[in-house]
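A short write-up of the structure that comes next.
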């Protein structure tokens with residue numbers, strides 16, 4: 351004998367799926383296509399808005415058009431400059447005997463990682479002479 355099936359919220363009184371769910375019309379292929387187009391347009395607009403925001407925040411990006419590669423390159427350059435400046439301030443404060451809270455030093459780990467990756471990249475290029483490993487070359491400060 352089979353055991354009784356447990357009821358879910360979608361089940362009706364008799365344990366069967368409700369008719370309301372089955373009566374819901376399915377999307378046509380054209381509706382699916384239009385939904386996909388709308389979703390893609392929304393995604394692109396979000397990306398555009400993000401790049402526009404970067405252009406507002408990063409000095410020197412105003413009036414340079416909207417080459418996404420250029421915006422990203424200059425944004426990375428600007429972030430590296432700001433992190434290097436933070437490192438200098440932290441080191442100066444510690445040299446004077448001040449205690450710098452960890453949460454203020456935490457972002458410097460990003461700069462350490464970028465520099466480490468760049469050094470590895472340069473070493474790889476020197477070792478194999480293939481020109482590979484130059485991915486970070488354009489992001490030097």
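Residue numbers (the working numbering): 351 to 491.
Glycine residues also receive a C-beta, built at the ideal position from the N, C-alpha and C atoms.
Measuring C-alpha to C-alpha distances from residue 432 to each of 381, 407 and 415 identifies 407 as the nearest.
Measuring C-alpha to C-alpha distances from residue 450 to each of 405, 377, 390 and 437 identifies 437 as the nearest.
In the structure shown, residue 414 adopts coil according to DSSP, grouped into three states. In chain order, 401 place their CB closer than 7 Å to the CB of residue 418, counting only its own chain and leaving out the 5 sequence neighbours on each side.
Bounds of the alpha helix (DSSP H) holding residue 475 are 458–478.
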